[in-house]
Amino acid sequence: MSTLPVVAAVDGSDDSLRAMDWAVDAARRRAAPLRVAHVRQYAHWVQPEVLAAGPADPQDDSVLDQVRTHLEGRPDQPETEYVGLVGAAGAVLPELGSGAQLLVLGSRGRGGFASLVLGSNSMAAARDAECPVVVVPRPGREVHGEPTGGPGPRVVVGLKVDGPDEATLGFAFAEAARRGARLQAVAAYPWPAQPWMMPGEMPPPIVDQDVIEDETRVLADGFLAPHRERHPDIPVELVPAAGDAAGYLVAASRDADLVVVGRHRRRLLSPVRMMGSVTHAVLLHAASPVAVIPPSPSED
């Protein structure tokens with residue numbers, strides 16, 4: 001059975017070249033082929049109803065020529081295919097994920113406003129692609145908050161104890177194994193507790209934060225246990241975090257190899273794909289590459 005490729009989306013920008021370098025390394029670690037894809041944007045005057053993707057000649061593409069030069073002569077270069085497409089990048093890029101095990105792109109491309117830290121195409125791919133999407137940020141992002149890491153390679157994963165997703169945990173453990181890294185699982189719980197009360201209701205008893213944290217730790221340990229059994233050599237650090245999950249994950253991204261977060265499941269009253277506020281905030285502010293994992297197929 002053939003191995004699905006790692007797809008790197010490029011547009012000639014420095015951001016996309018950094019992302020492609022990350023994708024080359026990811027393909028090597030997976031012993032997978034690399035597919036370099038460039039989507040040529042339709043002219044702005046074309047009507048939206050005719051924005052269907054189509055193939056282009058990869059031999060007549062200056063962006064792909066730039067990538068070939070950039071990769072020329074590299075040792076251990078994975079088997080590489082170059083693909084040129086024509087269409088609306090925000091629609092075409094997510095579709096590339098249907099035939100990939102990983103889609104990698106930069107946080108910004110050539111278009112849009114220079115002040116944006118996350119481009120619309122990166123956002124669309126992270127929200128809609130069927131495979132995991134890694135967004136590689138620009139270097140030099142400042143991260144505020146207390147550092148949570150130590151020396152050595154580290155993969156960080158966000159763990160929702162009230163709705164964990166096996167695909168997110170499985171990806172994080174597998175990535176830590178490929179990198180010989182330790183895994184840091186951040187399990188946030190709401191604090192301070194703010195119960196809703198109807199008029200005339202008695203206030204609930206005071207909740208002890210230590211009790212909530214202990215319960216969070218017990219639940220998280222239970223979700224991590226089967227993955228620990230499959231990867232007994234991976235050191236796992238569980239971090240119960242009070243309050244702002246996104247803030248803890250962003251702080252943990254300092255000097256991390258990768259931050260792994262899940263994408264929202266589809267809801268009955270919201271059947272479209274959604275990323276969720278925590279994932280969105282991590283994509284905007286994390287200093288390390290961020291992997292956004294779609295829900296397990298049975299839960300999407």
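Per full-length UniProt numbering, residue 1 is the first one in the sequence shown, and the count goes up by one each step. For every residue, glycine included, the Cβ atom is placed at its ideal position computed from N, Cα and C.
The alpha helix (DSSP H) spanning residue i covers which residue range?
i: P94; result: 89-96
i: Q66; result: 62-71
i: T279; result: 277-285
i: R254; result: No alpha helix (DSSP H) holds R254; DSSP gives it neither H nor E.
i: R178; result: 166-179
i: I234; result: That residue, I234, is in no alpha helix (DSSP H); it is neither H nor E in DSSP.
i: A8; result: Looking at the DSSP string, A8 is not in any alpha helix (DSSP H); the run it does join, the beta strand (DSSP E), is 6-10.
i: A182; result: Before going on, a small fix: residue 182 reads as Arg here, not Ala. Here R182 belongs to no alpha helix (DSSP H); instead the beta strand (DSSP E) covers 182-189.
i: A31; result: No alpha helix (DSSP H) holds A31; DSSP gives it neither H nor E.
i: A125; result: 120-128
Return the CA-CA distance between residue i and residue j, expressed in angstroms with no decimal places.
i: Q47; j: G87; result: Confidence is the limiting factor: at Q47 the pLDDT is only 49, short of 50, which leaves the residue's position unreliable, though a coordinate-based value still follows. When rounded, the distance between both Cα atoms is 12 angstroms.
i: V50; j: A89; result: Its pLDDT being 43, under 50, V50 is placed unreliably by the model, and nothing is read from it.
i: G12; j: G222; result: 45 angstroms
i: A91; j: A8; result: 16 angstroms
i: V117; j: A32; result: Here the model assigns V117 a pLDDT of 48, short of 50, so the residue's position is not dependable and the matter cannot be decided.
i: T279; j: L71; result: 32 angstroms
i: V36; j: L96; result: 11 angstroms
i: H285; j: E79; result: 33 angstroms
i: V63; j: T216; result: 49 angstroms
i: A246; j: V143; result: 12 angstroms
i: G158; j: V261; result: 5 angstroms
i: Q184; j: V156; result: 5 angstroms
i: K160; j: V218; result: 13 angstroms
i: R74; j: R178; result: 21 angstroms
i: L4; j: G140; result: 32 angstroms
i: S120; j: D208; result: 43 angstroms
i: P232; j: Q66; result: 43 angstroms
i: A60; j: R40; result: Checking the displayed sequence, the identity of residue 60 turns out to be Asp instead of Ala. Taking the straight line joining both Cα atoms gives about 12 angstroms.
i: S296; j: A26; result: 22 angstroms
i: L169; j: S16; result: 27 angstroms
i: P271; j: V259; result: No answer about P271 holds up, because its pLDDT of 43 lies below 50 and its placement is not dependable.
i: M123; j: D210; result: 37 angstroms
i: H38; j: Y82; result: 8 angstroms
i: L34; j: G99; result: 12 angstroms
Taking the beta strand (DSSP E) that residue i falls in, what are its first and last residues?
i: R154; result: 154-158
i: V133; result: 133-136
i: R35; result: 34-40
i: E81; result: 80-86
i: L291; result: In the sequence under discussion, the amino acid at residue 291 is Ala, which differs from the Leu named in the question. It spans 290-293 - the beta strand (DSSP E) in which A291 sits, taken as one unbroken run.
i: G106; result: 102-106
Write down the C-beta distance between residue i and residue j rounded to the nearest angstrom, noting that I regard them as a contact closer than 8 angstroms.
i: V236; j: R228; result: 6 angstroms
i: A181; j: R154; result: 5 angstroms
i: I234; j: A176; result: 5 angstroms
i: V134; j: V290; result: 7 angstroms
i: Y189; j: A252; result: With a Cβ gap of about 16 angstroms, Y189 and A252 do not count as contacting.
i: V136; j: W22; result: 5 angstroms
i: R254; j: I293; result: Not quite, the Cβ-Cβ distance comes to about 21 angstroms (not below 8 angstroms), so this is no contact.
i: L102; j: C131; result: 6 angstroms
i: R29; j: D76; result: About 11 angstroms separates the two Cβ atoms, so there is no contact after all.
i: V10; j: M20; result: 6 angstroms
Are there three or more Cβ pairs, one per stretch, closer than 8 angstroms when the segment 208-228 is compared with the segment 164-171? Because the criterion of three Cβ pairs below 8 angstroms is met, the segment 208-228 and the segment 164-171 touch.
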